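Student: Once you've had a glance at the structure underneath, I'll fire off some questions.
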Amino acid sequence: YNVSGNPAISLPLHMTPDNLPIGVMLGSKFGNEALLISLASQLEEALPWNNRHPDVSAWNLTDPNRS
């Protein structure tokens, strides 16, 4: 999508049983960024991901309670 100039967005939507993120990439026609942003906002509200992190992540490495 970078070469074509079409907008695209990648979203983390689910975690596997092993706590690995599964994402989806959505694309749209040129100039249709508003649709992707609206869809991403709706998906984030329905499936919040802001506090989900895989077992191996920078968040875990900076956790002072980490053993």
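The sequence shown begins at 1 in the numbering used here and counts up by one.
Ideal Cβ positions, reconstructed from N, Cα and C, are used throughout, including at glycine.
In this text the structure is predicted, and so the values were computed from the model without any measurement.
(1) Does the Cβ-Cβ distance between Leu20 and Ser28 come in under 7 Å?
(2) Tell me the rounded alpha-carbon separation between Asn32 and Thr16.
(3) From the DSSP output, which residues share a beta bridge with Leu26?
(4) Suppose contacts are defined by Cβ-Cβ distances below 7 Å. Is Leu11 in contact with Gly23 by that definition?
(5) Are the CB atoms of Ser47 and Leu26 nearer to each other than 7 Å?
Tutor: Based on what the coordinates show:
(1) Counting from 1 along the sequence shown, the entry for residue 20 is found at position 20. Counting from 1 along the sequence shown, the entry for residue 28 is found at position 28. For Leu20 and Ser28, no; Cβs fall outside 7 Å.
(2) Reading the sequence shown from its first residue, position 32 is the one you call residue 32. Reading the sequence shown from its first residue, position 16 is the one you call residue 16. Taking the straight line from one Cα to the other gives about 31 Å.
(3) As a working note, residue 26 is residue 26 in the sequence shown. Answer by DSSP bridge pairing, in chain order: Ile9.
(4) Position 11 of the sequence shown holds residue 11. Position 23 of the sequence shown holds residue 23. In this structure, Gly23 lies closer than 7 Å to Leu11 by Cβ.
(5) Along the sequence shown, read from residue 1 onward, the residue named residue 47 stands at position 47. Along the sequence shown, read from residue 1 onward, the residue named residue 26 stands at position 26. Note that residue 47 is Leu in the sequence shown, not Ser. Annotated as distal: Leu47 and Leu26, with beta-carbon spacing of 7 Å or more.
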